[in-house]
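Heads up, the sequence shown is in the working numbering, so the first residue is 141 and it goes up one at a time.
In this text, a Cβ means the ideal position worked out from N, Cα and C, and glycines have one as well.
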Amino acid sequence: MIGIGVDAGGTFIKLLAATESGETIELKQIPTLSQDGPKAFTEKICAVVKDWQKQFKGEKLAVGIGVAGDTDPQKGVIRYSPNLSKWRNVAVSGPITEATGLHCVLENDANMAAWGAYDYELKRKYPNVLAVTMGTGVGGGLVINGVLYHGATGCAGEIGHVNVVPQGELCHCGDRGCIEAYAGHYAIVRRAEQALMRAPEKSILKKLTANTQISGELLAQAADEGDPIALEIWRETGSYLGRGLADICLVLNPDAIVLTGGVSMAHKHFMPAIVEAFSLRQITTPFKHVKVVAAHTSNLGSIGAALLALESAKTSK
Ligand SMILES: [Zn+2]
């Protein structure tokens with residue numbers, strides 16, 4: 141069997157075909173252009189899927205689609221996606237199954253990353269896994285007892301908007317003090333810009349950003365070179381994230397927390413602060429047990445989507 145994993149972002153739709161062990165055998169990226177509407181969106185995905193149906197003739201295929209936002213996995217409907225032109229109540233799985241004849245699942249993109257973390261990154265070694273997606277925003281997905289956990293309405297695992305600072309920094313969701321308002325890429329850049337105004341001219345950050353805008357990547361580079369401002373921003377990021385994750389560990393007692401997404405690439409600069417936040421808790425057992433790791437795979441979302449499609453196709457027979 142071959143799984144087709146689709147990671148539908150605001151700018152690009154990334155598609156891959158993977159074997160049952162998660163080995164990527166085909167990759168494709170197409171512009172999303174969500175302003176063209178949902179019909180054009182599903183048709184574009186179907187065109188690639190149909191090409192791969194021809195290419196892998198004789199193989200059984202299934203499709204998994206991850207999108208940012210509020211999804212109804214049971215009905216295969218996007219309830220609301222801020223990244224896809226604020227679409228509301230858009231059916232995705234149905235039209236794709238109709239056009240291709242293939243089994244299709246739709247999930248929030250962080251849920252797909254959680255399945256990728258459990259099934260591919262950790263090879264099903266741990267039954268209880270929390271995945272944290274660290275990009276522009278912060279998302280989360282949960283696998284509990286080896287099953288993707290949806291909660292009552294499909295929204296479980298939205299850890300980015302757990303409050304860590306009452307009346308704290310403004311978050312993209314409109315609330316204040318969320319984990320994302322400290323650990324999302326935009327929030328890290330916001331703190332870096334404020335710090336840059338106060339930074340002495342000799343700071344590496346000033347030089348690195350002389351002709352370009354500050355980014356997480358530049359901030360990681362400055363931290364690599366020992367810049368005290370950059371190191372402090374990463375430490376703060378880990379501290380806020382660690383505070384929120386510690387609360388979640390007390391509720392869920394996971395075996396592993398897998399950090400993924402672009403910001404997680406700077407993990408060596410913020411992981412010690414997460415470990416420190418955990419060590420400050422008086423209840424120790426869940427924190428001694430849990431493994432916090434950064435994913436080795438950069439596209440856990442689309443690999444997870446491919447593997448979840450296969451899992452779902454098998455169990456829905
Ligand atoms: Zn928020």
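**Report entry** C-beta atoms of TYR258 and VAL269 nearer than 7 angstroms
**Finding:** In this structure, VAL269 lies closer than 7 angstroms to TYR258 by Cβ.
Report task. Could you check what DSSP says for THR377 in three-state terms: helix, strand or coil? Result -> helix
Report task. Run through the stretch 303-362 for me and flag every whole beta strand (DSSP E) of 3 or more residues, listed as ranges in chain order. Result -> none
Requested in this report: Taking only the alpha-carbon atoms, compute the straight-line gap between ILE331 and LYS428 and give it to the nearest angstrom.
Outcome: The residue you asked about is not Ile; residue 331 is Arg in the sequence shown. Straight-line Cα distance between these residues: approximately 31 angstroms.
Report task. Check whether the Cβ atoms of GLY401 and MET274 lie closer than 7 angstroms to each other. Result -> yes
**Report entry** Coarse secondary structure for LEU440, derived from DSSP in three states
**Finding:** helix
Report task. Using only alpha-carbon positions, find the residue among ALA335, GLU341, GLY294 and PRO340 that is nearest to ILE354. Result -> ALA335
Query - Span of the beta strand (DSSP E) around PHE132 - result: There is simply no residue 132 to check, as the chain begins at 141 and stops at 457 in what is shown.
Report task. State yes or no: is the C-beta of ASP210 nearer than 6 angstroms to some heavy atom of ligand 1? Result -> no
Query raised in the report: From what residue to what residue does the beta strand (DSSP E) around ASN229 run?
Result: 227-231
Query - Closer than 6 angstroms: THR247 CB and nearest ligand 1 heavy atom - result: Reading off the sequence, residue 247 comes out as Glu, not Thr. Checking every heavy atom of ligand 1 against the Cβ of GLU247, none is found closer than 6 angstroms.
Query raised in the report: Which whole-angstrom value describes the C-beta separation of VAL188 and LYS168, a residue pair presumed to lie in contact below a C-beta threshold of 8 angstroms?
Result: With a contact defined as Cβ atoms closer than 8 angstroms, VAL188 and LYS168 qualify at about 5 angstroms.
Report task. Go through the stretch 239-310 residue by residue and report every complete run of the alpha helix (DSSP H) that reaches 4 residues or more, in order. Result -> 249-256
Query raised in the report: Mind checking whether TRP227 and SER233 have CB atoms under 7 angstroms apart?
Result: No; because the gap between Cβ atoms is not below 7 angstroms, this pair is not in contact.
Requested in this report: Starting from PHE461, follow the beta strand (DSSP E) in both directions and report where the run begins and ends.
Outcome: There is no way to answer for residue 461, as the model of the chain reaches only from 141 to 457.
Requested in this report: Could you pull out every residue in the same chain whose Cβ sits closer than 7 angstroms to the Cβ of ALA370, ignoring the five residues on either side in sequence?
Outcome: LEU345, LEU359, ALA362 and ALA363
Query raised in the report: Which residues mark the beginning and the end of the beta strand (DSSP E) in which LYS168 is found?
Result: For LYS168, the enclosing beta strand (DSSP E) covers residues 164-171.
Report task. Could you check if ASP176 is buried or exposed, using at least 16 other CB atoms within 10 Å of its CB as the buried criterion? Result -> With fewer than 16 other Cβ atoms from the protein chains shown falling within 10 Å of its own Cβ, ASP176 counts as exposed.
Query raised in the report: Should the stretch 313-324 be regarded as contacting the stretch 289-301, the criterion being three or more beta carbon pairs within less than 8 angstroms?
Result: yes
Query raised in the report: Does any heavy atom of ligand 1 sit closer than 6 angstroms to the C-beta of GLU298?
Result: no
Query raised in the report: Assuming LYS178 contacts VAL230 under a Cβ cut-off of 8 angstroms, what Cβ separation, rounded to an integer in Å, is found between them?
Result: The amino acid occupying residue 178 in the given sequence is Pro; Lys does not appear at that position. Yes, they are in contact, since the Cβ atoms of PRO178 and VAL230 sit about 4 angstroms apart, within 8 angstroms.
Requested in this report: Measure how close the beta-carbons of LEU440 and GLY256 come, nearest whole angstrom, since I'm counting them as under 8 angstroms.
Outcome: 4 angstroms
Query raised in the report: Helix, strand or coil: how does DSSP classify THR159 here?
Result: coil
Query - ASP191 (DSSP reduced to helix, strand or coil) - result: helix
Requested in this report: Report yes if the CB atom of THR151 is closer than 7 angstroms to the CB atom of THR172, and no otherwise.
Outcome: yes
Query raised in the report: Can you tell which of THR425, SER456 and LEU448 has the C-alpha that lies nearest to the C-alpha of SER161?
Result: LEU448
Query raised in the report: On the three-pair Cβ rule with 8 angstroms, is the stretch 283-295 touching the stretch 413-425?
Result: no
**Report entry** Straight-line Cα distance separating ALA158 from SER225
**Finding:** SER225 and ALA158: Cα-Cα distance of roughly 29 angstroms.
Report task. Taking all protein chains shown into account, decide if SER438 is buried (16 or more other Cβ within 10 angstroms of its Cβ) or exposed. Result -> exposed
Query raised in the report: Taking the alpha carbon of CYS389 as the point to measure from, which residue in GLY297, VAL278 and GLY356 has its own alpha carbon closest?
Result: GLY297
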